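Participant: Counting along the sequence shown from 1, when you hit position 33 you're at 18 in the working numbering, and nothing is skipped either side. Backbone N, C-alpha and C fix where the C-beta goes; we use that ideal spot for every residue, glycine too. In this text the structure is predicted, and so the values were computed from the model without any measurement.
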Amino acid sequence: LTSRVLERGFTLVPLKLYIKDSLAKVEVALAKGKKLYDKRESIARHETEREIERAIKGQKLGRR
């Protein structure tokens, strides 16, 4: 687990934190980061969703 985290692009993600027998325990997952093209795709999708929401909100405000 430690060697994978030290590799480029891998990280530990905490999933769950709980207390058991007076000890704090954390459930973790090993995750690999997005590639650059995935990030660009996500950003573009998010921006178009925001533009659609703004347009809908603008139409609702214009009707009053």
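#1: Return the CA-CA distance between lysine 19 and arginine 39, expressed in angstroms with no decimal places.
#2: Closer than 7 Å by C-beta to glycine -6: which residues in its own chain qualify, once you throw out the five before and the five after it? Chain order, please.
#3: Indicate the three-state DSSP secondary structure (helix, strand or coil) for lysine 20 in the structure shown.
#4: So glutamate 12 packs on lysine 1, CB below 8 Å; how close in whole Å?
#5: Would you identify the three-state DSSP class for glutamate -8, choosing helix, strand or coil?
Facilitator: A quick look at the data gives this:
#1: 28 Å
#2: Lys17, Gly18
#3: coil
#4: 4 Å
#5: coil
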